[in-house]
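Peer 1: The following block contains the structure, expressed as structure tokens.
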Amino acid sequence: MLDYEALLGEFVNEGLTHVQRIEKGLLDAERGLQDTEQINAVFRAAHSIKGTAGFFGLKKMVELSHAMEALLAKIRNSGKDMDSVTIDALLSATDKLKEMLENVKDSENTEVNAQLARLTDALHYKQYPPAAKKSSGSTRRDFNIPGNYKEIIRDAKKRGQQVYQLNLSLDKSSGQNAVSPDLVSKIKSIGNVVYCDEGCNELACLFTTVLEPDLVALALDVSEADIQQISDDAQKPEDFNVFKKSSGSRYSLEETSWSAKGENGVMAAYGGTEKKEDERVRVDVALLDSLVNLGSEIVLGRNQLFRRLEKYAAAIPELTASLQHIDRLTTELQEKIMRTRMQPLANVFDKLPRLVRDLGKSTGKNVQLLMEGKDIELDKSIIEALADPLVHLIRNAVDHGVETLEERKNTEKSLTAIISIKAHREGGRAVISVSDDGAGVNLESVARKAIQQNILTPGQLAAMGDKERLNLLFHPGFSTSKQITDISGRGVGLDIAKSNIEKIGGNIEVSSVWGKGTTFRLRLPLTLVVVPSLIVEAANQQFVLPQVNLREIVRITPGDKIRKIEYINGYRVLNLRGELLPIINLAECLGKTTGNIVECSITRVLIVRSEDRVFGLTVDRIYDREDVLVKPVPQYIKECKAYSGVTILGDGKVAMVLDPDSLAPATMSMATERQDENLTYIGQRTLGTMAEQQEFLLFKCSGPENFGINLPLVARVDEIDADQLQIIGDKEYVNYEGSILRILRPEDYLPVKKLASRRSKLCLLIPKSVKYPVGILVERIQDTVQTAVDINEEDIKAKGLWGSAVIHDKIVLIVNLYDLMELADPERYVTEQETGRHDCCQTVLLVEDTAFFAMVVRQYLEGAGYQVLMAGNGEEALNLLGKCAVDVVVSDISMPVMNGLELVKAIRSNENTVSLPVIALTSLASARLEQEGLEAGFNYYELKLDKTNLLKKVALALSEREGRLA
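In the numbering used here, the protein residues as written are 282 to 1247.
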């Protein structure tokens, strides 16, 4: 017996998928992407809903989807693009179908007359003239049905289907003597072929479908005269009135998918199309949750086993190998289990285009949505929690961020505003940015509103920086809207978005440039269960710090003249490579002890990233890395905001999971605010020499050579077991965080010595800002250094190397990351170079005082086909601008004589260069510095060594300039 409730649930799930497909197809058509295949896909989706609804006797759903079919069939045969009236009518009907599916048992009481009227009006709209009917001049022929014809009719009628006979004389002038594959495919797309008989230039076909006769003719693009509906009282083979010939038949009764008996046959039939066997199975979510919990407990058990057997490993040689095997299997099992709950961001993103369209129409604004990174996968619970915050941010962007058409016209902006949603993975987190190119946030207006709404006093507001004022947007009840509308104005949207994001362990930050636009950036964990962490100790108590928040570890020894903690107005700070960081002591922060850091002993500082801030956290001891199972904070200590969870360590002890976003006390923000005014006090000894210095990660491969790579190009360094590597063909791969990652060994592509590796542990470098993710496999990491290097490009030359340099009295080969990747995958990168190369004579003025960066960036630009002029500072650049024709300027920020900020202000004050695009080039990634640069007049702000994004920004700036000149 068929389980009616189960089948109805299946129908609802599949129907909602069809509704989403219809909506996406219609929105794509509105963007000018309409084609025949797309209309066919939308038609089939509506047809599938109708066919299945007929099986369940849902007449109103059948009526509505039938009207949609009729309109879509007419559009397809007219060859015309859909207009806004038609799209609005179809979207309205789609919304009603969704409403009926979500409340399927009460769908027959739903009113659909308004939607039917709009569809009827669109159907008779003159833009879609009826397609010319084909005259076939066909003659009726007799089928020789191999029995069971009564059962065919009976089963078809049960499912709400009709039986049709198609007689068609094919075009003899075409020279084709066989059945048109396109025609047969069309028949199969709307129903099931029972029997198909072809003669010389003739076709006779028997098929079933839920479509009405007029829609069948439209769908197959044939004359209604060629189609005969078989009546219910057909009793004899002669009633089918077709030709007695079967030797040439291509299809037979036995080949039809719906003729099979039992539940599978019914489920394959009522949808109207043949279905291939699906390799996926549906599993109850509760079962998946249970599986995830069990997998997490296995990880905890693994950790405890390792801790307890650690002291026996030396005495039992076989024990180490067994433990490593258990470790690898447990990690792999846990990763596989976690992937069962991973879902792509497309599940959330695909619902946003419709929202943007409707909001744009309701506000009278032209808005286009751009999306990137839909394939990034997150845990199911995070995906579900992300839906509402994204909706709030999109509504805020359209209503508050984007200007009216008149305002955009007055500011010479494009009348079509752009809202972009971009997602990417950054370490163990996903980063989603929601940006608009609107008016930006007026901080003065924010300040006035805050005072009017009694959120702050004028004194408190005066003590705030721009960042703190901008964060007032997240304050409960705060709104800059002048009136309350059905979209916004109540002051709850951004507050709710921030609250929901923080509930799942994420954070949200906002940046804005007046007149340019606003960006909200969300940082989210990939999963909420097992978290890679660092175990630390403070005041004789162990704590857990999520590794995603850890930037680096600094060890300060007594007498270290470069790294030492100093004081500014009573606040501890560390000058780390020119960056002034506030320092807090973990024990003091948690109220465990008082007193100062002991200067005579080794000081261990964790450099922690919290939202957009970076600070140092001093601890007493640092233990090993461990994957921990995070449990919620117990109710009785929920008020302590320093913790985000609790876990059981491998030794059985309970440890609190630190929340870096809540750790820093009020003194931290005060210290941060004082950075700028005190930077000279601490930093004047080093800032003068920092301009010529670069950071390098030094490492060794299998041979004796020493290698170095620019540290800003490396996103992450991980240790992996050698037995995790897998060889497929002639390439190596590794399962890295649930994804297949290609492995590159530098010695395979560079002219250096390659030896057999005997190490069980290897290091994996994950590069930043590369289009095709790879891992660079090295034997061991030697050091990270910051030094001024003189690159020798002559003595040791090879593709994949910038050259050589002497660092710490050793010859170091400096790796050219992008060249190395081109060597490893030449077909992909050579093709991209050829398609992306500029053959025109566009000139870029590169302003850079550091020889190494000037060499690197110049090669990037010349490799892309640009002519490059060079200047060492702002004054030299201005002189060249007065003499040479330049299309775009790419300038460093920190330079002698005249820096980048002074240069761009001078360019903007000159009427001859006021519209010249200028791109800031820097080695420091800072939201504050970026905002200052954009306010000074830079068009874009980019990192020096990020080749891909730099070339994109140059091309974009040139394109925008050409658009203005046109």
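Using N, Cα and C, we set each Cβ at its ideal position, and we do this for glycine too.
Using only CA atoms, which one of Arg-890, Pro-1198 and Val-491 lies nearest to Arg-710?
Peer 2: Arg-890
Peer 1: Between the alpha carbons of Asn-830 and Asp-942, how many angstroms are there, rounded?
Peer 2: Separation of Asn-830 and Asp-942 (C-alpha to C-alpha, rounded to the nearest whole angstrom) is 9 Å.
Peer 1: Within a Cβ cutoff of 6 Å, which residues of the same chain sit near Ile-990, ignoring the five residues on either side of it in sequence?
Peer 2: Leu-978 and Val-1096
Peer 1: What beta strand (DSSP E) runs, 3 residues minimum, are completely inside the region 1148–1186?
Peer 2: 1148–1152 and 1169–1173
Peer 1: Please check the pair Asp-502 and Asn-448, which I expect to be a contact at CB under 8 Å, by giving their CB distance rounded to whole angstroms.
Peer 2: At roughly 16 Å, the Cβ-Cβ gap does not stay under 8 Å, so Asp-502 and Asn-448 are not in contact.
Peer 1: Between Ile-1174, Leu-1237 and His-299, which has its C-alpha nearest Lys-1225's C-alpha?
Peer 2: Ile-1174
Peer 1: Start and end of the alpha helix (DSSP H) containing Glu-687?
Peer 2: Counting along the chain, the alpha helix (DSSP H) containing Glu-687 begins and ends at 686–691.
Peer 1: Would you say the beta carbon of Arg-710 comes nearer than 7 Å to a heavy atom of the ligand NAP?
Peer 2: Among the components modelled here there is no ligand, and therefore nothing to report on the ligand NAP.
Peer 1: Quick one, are the C-beta atoms of Val-323 and Gly-335 less than 8 Å apart?
Peer 2: no
Peer 1: What three-state label does DSSP hand Val-722 in the structure shown?
Peer 2: coil
Peer 1: Compare the C-beta of Asn-1191 with all C-beta atoms of chain B and state if any pair is closer than 8 Å.
Peer 2: Absent from the structure: chain B. Only one protein chain is present.
Peer 1: Would a C-beta distance cut-off of 8 Å place Asp-908 and Pro-813 closer than the cut-off?
Peer 2: yes
Peer 1: So Ser-1085 and Glu-1028 are supposed to be a Cβ contact under 8 Å. How far apart are they, rounded?
Peer 2: The pair is not a contact, with the Cβ atoms about 16 Å apart (cut-off 8 Å).
Peer 1: Under 8 Å, with one C-beta from each stretch per pair, do the region 816–827 and the region 691–705 reach the 3-pair mark?
Peer 2: no
Peer 1: Does the structure place the region 1124–1141 close enough to the region 1223–1242 that three or more beta carbon pairs sit under 8 Å?
Peer 2: yes
Peer 1: Three Cβ pairs or more, each shorter than 8 Å: is that satisfied between the region 1035–1049 and the region 632–650?
Peer 2: Verdict: no, contact absent.
Peer 1: From Tyr-852, Ile-1009, Leu-1045 and Thr-1124, pick the residue whose C-alpha is nearest to that of Ala-1003; which is it?
Peer 2: Nearest option by C-alpha distance: Leu-1045.
Peer 1: Between Leu-1161 and the rest of its own chain, which residues show a CB-CB distance below 8 Å, the 5 nearest in sequence each way excluded?
Peer 2: Leu-1126, Leu-1150, Ala-1152 and Val-1167
Peer 1: Are the region 795–810 and the region 712–724 touching, with three or more C-beta to C-beta distances below 8 Å?
Peer 2: Yes, the region 795–810 is in contact with the region 712–724.
Peer 1: Out of Pro-1107, Asn-1154 and Cys-1122, point me to the one whose CA is closest to Asp-1130's CA.
Peer 2: Out of Pro-1107, Asn-1154 and Cys-1122, Asn-1154 has the C-alpha closest to the C-alpha of Asp-1130.
Peer 1: Look up Asp-257 in the DSSP assignment and say whether it is helix, strand or coil.
Peer 2: With the chain covering 282 to 1247 only, the question about residue 257 has no answer from this structure.
Peer 1: Under 8 Å by Cβ, that's how I've got Ile-816 and Val-825 pegged, so tell me the actual separation to the nearest angstrom.
Peer 2: 6 Å
Peer 1: Would you list the residues sitting across from Gln-624 in a DSSP beta bridge?
Peer 2: Leu-659
Peer 1: Contact between the region 391–408 and the region 374–383 is defined here as three or more beta-carbon pairs at a separation below 8 Å; is this criterion met?
Peer 2: yes
Peer 1: Run through the DSSP bridge pairs and tell me what Cys-1044 is partnered with.
Peer 2: For Cys-1044, the pairing in a beta bridge is given by DSSP as Glu-1000 and Val-1059.
Peer 1: Measure from the alpha carbon of Gln-649 to the alpha carbon of each residue in Ile-303, Leu-575 and Val-679, then state which is nearest.
Peer 2: Val-679
Peer 1: With H, G and I counted as helix, E and B as strand and the rest as coil, what does DSSP make of Leu-1082?
Peer 2: Strand, per DSSP.
Peer 1: Look at the alpha carbon of Glu-505 and the alpha carbon of Lys-467, and state the distance between them as a whole number of angstroms.
Peer 2: 15 Å
Peer 1: Helix, strand or coil: how does DSSP classify Ile-816 here?
Peer 2: strand
Peer 1: Tell me the DSSP secondary structure of Pro-941 in three-state form.
Peer 2: helix
Peer 1: List the DSSP bridge partners of Ala-1037.
Peer 2: DSSP lists no partner for Ala-1037.
Peer 1: Expressed to the nearest angstrom, what Euclidean distance is found between the alpha-carbon atoms of Glu-616 and Gly-1019?
Peer 2: Cα-Cα distance, rounded: 6 Å.
Peer 1: In terms of residue numbering, what span does the alpha helix (DSSP H) encompassing His-405 cover?
Peer 2: Premise fails: His-405 is in no alpha helix (DSSP H) and is neither H nor E.
Peer 1: Return helix, strand or coil for Pro-985, following the three-state DSSP convention.
Peer 2: Per DSSP, reduced to three states, the secondary structure at Pro-985 is coil, with no helix or strand assignment.
Peer 1: Strictly by DSSP, which residues pair up with Phe-977?
Peer 2: Asn-991 and Val-1066
Peer 1: So the candidates are Leu-807, Phe-292, Val-300 and Tyr-1147; which of them puts its Cα closest to the Cα of Gly-786?
Peer 2: Of the candidates Leu-807, Phe-292, Val-300 and Tyr-1147, the residue whose Cα lies closest to the Cα of Gly-786 is Leu-807.
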